[in-house]
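Per numbering that gives the first Met the number 0, the sequence shown runs over residues 0 to 157. Even glycine gets a Cβ: it sits at the ideal position worked out from N, Cα and C. Small disclaimer: the values here were computed from a predicted structure and weren't measured. Okay, structure first, notes after.
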Amino acid sequence: MKDSKGVEIHDGDVVRISGAYFKCDNGTYLVASTPADPMWNGKELSLRRIRRDGQFASSKSGPSINFWPLTSFVNSRDQRSASDAWNAKYARVEVIGPLKDTSHVRAYFQKILTDQMEELRVLKLRGKTEGDQLVQLMSDSIGHNRKVLERIGDCDEA
């Protein structure tokens, strides 16, 4: 998927959403998952709201999770269709480049990688082999998350 300037969006990128129908959707987000992520089944981007210092934002400052293209979860059908039409026309996503301090972003993906490596170890202890579909999916995801950490600039071997 590409941003409004034609730049490809990858896992680990920091993006800014602007022009959204609901103002609380505007802000800075970390791309947590893209369709390229083997463990992500969606066609959209999964986003986590972050502050300028790179820390994850609390839910008090608006939704801490969002999707791109923007998705509206409201009870009113009229408001939902108005927001969908507005967002399709005016909402923009733009890759804004790396943060000054990427330690929180690296820690987020490093934890995912560490958890997946532990889960793979447990699967193998339980007798699963390399030919097993779940083991292959987990191995692909581990490789994907290592690439994400390399793009961010740090890959600690877990």
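Exposure of residue i, with buried meaning 16 or more beta-carbon neighbours within 10 Å
| i | result |
| --- | --- |
| isoleucine 95 | exposed |
| valine 104 | buried |
| glutamate 126 | Position check: residue 126 holds glycine in this sequence, whereas glutamate was assumed. When all chains shown are included, glycine 126 counts as exposed. |
Anticipated Cβ contact below 8 Å, residue i with residue j, distance rounded
| i | j | result |
| --- | --- | --- |
| threonine 27 | valine 13 | 6 Å |
Close Cβ partners of residue i (< 6 Å) along its chain, the five nearest in sequence each way excluded
| i | result |
| --- | --- |
| glutamate 156 | With a pLDDT of 43 at glutamate 156, under the threshold of 50, the predicted position of this residue should be treated as unreliable, though the coordinate-derived value follows. If we look at glutamate 156 and ignore the five residues flanking it on each side, it has no Cβ neighbours. |
| glycine 18 | Tyr89, Ala90 and Arg91 |
| isoleucine 111 | Asn144 |
Cutoff 7 Å; reference residue i; Cβ partners in own chain excluding five residues on either side
| i | result |
| --- | --- |
| cysteine 154 | Below a pLDDT of 50, predicted positions are generally treated as unreliable, and cysteine 154, at 44, falls in that range; the measurement from the model is reported next regardless. Result list for cysteine 154: Arg145 and Leu148, in chain order. |
| alanine 56 | Arg48, Ile49, Arg50 and Ser63 |
Bounding residues of the alpha helix (DSSP H) (the contiguous stretch that carries residue i)
| i | result |
| --- | --- |
| valine 121 | 102-124 |
| tryptophan 39 | It is not in any alpha helix (DSSP H) - tryptophan 39 carries neither H nor E in the DSSP assignment. |
Sheet register partners of residue i (DSSP bridge)
| i | result |
| --- | --- |
| arginine 48 | Tyr28 |
| phenylalanine 55 | Ile49 |
Neighbourhood of residue i by C-beta, 8 Å cutoff - its chain only, sequence neighbours within 5 removed
| i | result |
| --- | --- |
| glycine 152 | Pro97, Thr101 and Arg105 |
Range covered by the beta strand (DSSP E) that runs through residue i
| i | result |
| --- | --- |
| serine 17 | 13-17 |
| glutamate 149 | Where glutamate 149 is concerned, there is no enclosing beta strand (DSSP E), although the alpha helix (DSSP H) it sits in stretches over 132-151. |
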